[in-house]
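With this note's numbering, the residue at position 184 of the sequence shown is 188, and numbering never jumps.
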Amino acid sequence: LALSAMGAGGALAIKGFTSAALQQDQAMALFLNSARQAGTEMEGLEGKISGVTAALQRKTNFGDEEQLAVLAKMIPVLGSTEKAMAALPAIMDAAATTGRGLREQSETLTKALAGTVHQAESLGIKFDQTATFEERLAIITKLTGGAAEASVDPFKQLGNATGDLSEKIGGALLPVVIPLIEKITALAEKLQTVNPRIIQLGAVILAAVTAIGLIGGPLLLLVSVLPNVAAGFRLVKTAIVGA
């Protein structure tokens, strides 16, 4: 039982680690794709953005994965990776000020920064229609600057740090786990093309084995206690004869 529990716990841990690593990889891949579509110079970009998001994570409540997901959505709206990266700290401050989530706040403010709308209702700002990106960003920064750092939560930072550790461990496991998953997936797809009679036979065998387990388990338990039951009857018989 102990070994089974350890095995199950290990399997769950591996799944958790690898899932964290995959989510991080997917967030980075989406960001890089948006940057590429915007015509950004790609050489060294991944290392640069990793440094920026890690630095912001250490000072705020917003994890690097969440930042990457927001940046991936901001770039197409602003048409520039540089503008998105410049606007990210201000949007984080605005989110901390309004109590909104980072993604929710970015969806409204990015449009305002891009000039497609001319007000930020959550902050009570109405921009001049001729205001540039830089001018709008300066207004938001003046109003909310420093809020994300001022509202930092040590427990959220702890969660972000342990999440990063899970991603590192998961990253080391992926080269082993991914090929195994691919083989199991291929097997599952192949089994779908097998003669249905074989699948039916397998199902019958599985049901029989399950039934044996359900019935056999209690029977084995009963058999194991029979000697104690018999000994108990002998003691009772001896006591009655003695009386």
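The C-beta atom is built at its ideal place from N, Cα and C for all residues, glycine as well. Please read all numbers here as calculations on a predicted model, not as lab measurements.
From the DSSP output, which residues share a beta bridge with residue i?
i: I129; result: A124
Helix, strand or coil for residue i? Go by DSSP, reduced to three states.
i: A31; result: helix
i: Q71; result: helix
i: G174; result: helix
i: T64; result: coil
i: S155; result: coil
i: T22; result: helix
i: A55; result: Note on identity: in this sequence residue 55 is Gly, with Ala being the wrong assignment. Helix, per DSSP.
i: T85; result: helix
i: M10; result: Confidence at M10 is low in this model, with a pLDDT of 49, below 50, so the placement of that residue should be treated as unreliable; the coordinate-derived value is given next. Three-state DSSP puts M10 in a helix.
i: M78; result: helix
i: N199; result: coil
i: A142; result: helix
i: R107; result: helix
i: L5; result: Low confidence applies to L5: its pLDDT is 46, below 50, so where it sits in the model is not reliable, and the reading given next is rough at best. Note: L5 maps to coil in three-state DSSP.
i: E45; result: coil
i: A135; result: coil
i: G149; result: coil
i: G167; result: helix
Compare the beta carbon distance of residue i and residue j with 9 Å and say whether it is the shorter of the two.
i: K146; j: L117; result: no
i: E171; j: Q41; result: no
i: G167; j: A24; result: yes
i: S110; j: A99; result: yes
i: Q161; j: Q61; result: yes
i: E50; j: M32; result: yes
i: L141; j: A91; result: yes
i: S126; j: R104; result: yes
ask   = Quick check: the region 91-109 against the region 61-74, are there 3 or more CB pairs under 8 Å?
value = yes
ask   = Can at least three beta-carbon pairs, one atom from the region 15-30 and one from the region 173-192, be found at a separation below 8 Å?
value = yes
ask   = Would you call the region 52-72 and the region 108-117 touching, i.e. three or more CB-CB distances under 8 Å?
value = no
request  = State whether the region 31-42 contacts the region 123-138, with contact taken as three or more CB pairs (one from each stretch) at a distance under 8 Å.
outcome  = no
query = Within the chosen definition, does the region 40-57 reach the region 151-160 through at least 3 CB pairs nearer than 8 Å?
reply = no
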